[in-house]
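Counting from 39, one number per residue, gives the positions in the sequence shown under the working numbering. Just so it is clear, CB atoms sit at the ideal spot from N, CA and C, and this is done for glycine as well. Predicted model only: the values in this text are computed from it and were never measured. Scroll down for the structure; my scribbles are underneath it.
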Amino acid sequence: MNTQPPYKLRIREHRKIRASELLVHPLNPRIHPDAQKSALSAILNEIGFARSLLAYETAEGKLQLIDGHLRKELFQDQEVMVEILDVNEQEANALLLSLDPLASLAQFDSPTLEALRKAASTQSEALQTLWDSIDSSTRKTKDELKEAMQKKEPILKEQFLVLVECESEAQQLSLLDSLKKQQYQCKALLS
């Protein structure tokens with residue numbers, strides 16, 4: 039992997055443009071739920087506009103978005119700062135497909151993330167919920183493992199299972215009844 043310069047510098051210019059003049063990318067796969075709209079609106083209201091939209095110039099001379107579709111939607115009638123790239127349609131498609139997934143590959147350093155959470159403040163419930171959700175699945179798993187270790191219980195309990203295929207529902211019910219009478223814990227599964 040070549041990580042040494044020189045790279046192609048593809049940023050052509052930054053320009054203020056009315057958001058309504060930007061073309062929405064027809065292949066944009068992202069859907070923006072209300073929670074995301076609320077959180078973005080909150081950060082825009084509390085801090086302001088702090089990140090350029092990303093676009094490229096089409097063969098027809100129009101600016102088509104690569105990144106920033108939700109900001110375009112929220113700022114429809116206002117001027118926004120746009121970073122204009124010198125890329126073709128195929129390169130724009132590759133960026134559209136790559137930018138968010140690349141960012142999502144990053145992992146979090148938990149102590150630093152917690153310090154950042156404590157250092158940031160908001161009046162917005164939507165934004166606080168967003169911040170609290172960052173890395174929540176990893177935290178939940180770590181908390182469950184820590185709790186299991188403190189209880190000195192095995193994380194995975196041993197189970198010894200037997201699967202019996204029955205010819206009919208009547209045979210299944212009869213077998214279940216017989217096993218329950220012998221004090222086995224059992225249940226019927228549907229196929």
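Assign Gln102 to one of three DSSP states: helix, strand, or coil.
-> It is a strand residue.
Verify whether the separation of the beta carbon atoms of Ala93 and Leu165 is less than 7 angstroms.
-> Contact flag unset, no.
How long is the line joining the alpha carbons of Pro139 and Pro67, rounded to whole angstroms?
-> Straight-line Cα distance between these residues: approximately 12 angstroms.
Would you grab the beta carbon distance between Glu84 and Ser162 for me? Rounded to a whole angstrom, and I think it's under 8 angstroms.
-> The C-beta distance from Glu84 to Ser162 rounds to 7 angstroms, short enough to fall under 8 angstroms.
Beta-carbon contacts of Asp124 that lie in its chain and below 6 angstroms, excluding the five residues immediately before and after = Taken in chain order, the residues that qualify are Arg48 and Arg50.
For Ile69, does the count of other Cβ atoms within 10 angstroms reach 16, so buried, or fall short, so exposed?
-> Ile69 is exposed by the Cβ-count criterion.
Euclidean distance between Cα positions of Tyr45 and Asn131 = Spanning the two alpha carbons is a distance of roughly 19 angstroms.
Whether Leu143 touches Leu103 by CB criterion (7 angstroms) = Between Leu143 and Leu103, the gap from beta carbon to beta carbon reaches 7 angstroms or more.
Could you tell me which residues DSSP pairs with Ala144 in its beta bridges?
-> Per DSSP, none; premise fails for Ala144.
Helix, strand or coil at His107 according to DSSP, with G and I counted as helix = When DSSP states are grouped into helix, strand and coil, His107 belongs to the helix group.
Spatial neighbours of Leu133 in its chain, beta-carbon cut-off 6 angstroms, leaving aside the 5 residues before and after | Contacts found: Ile104.
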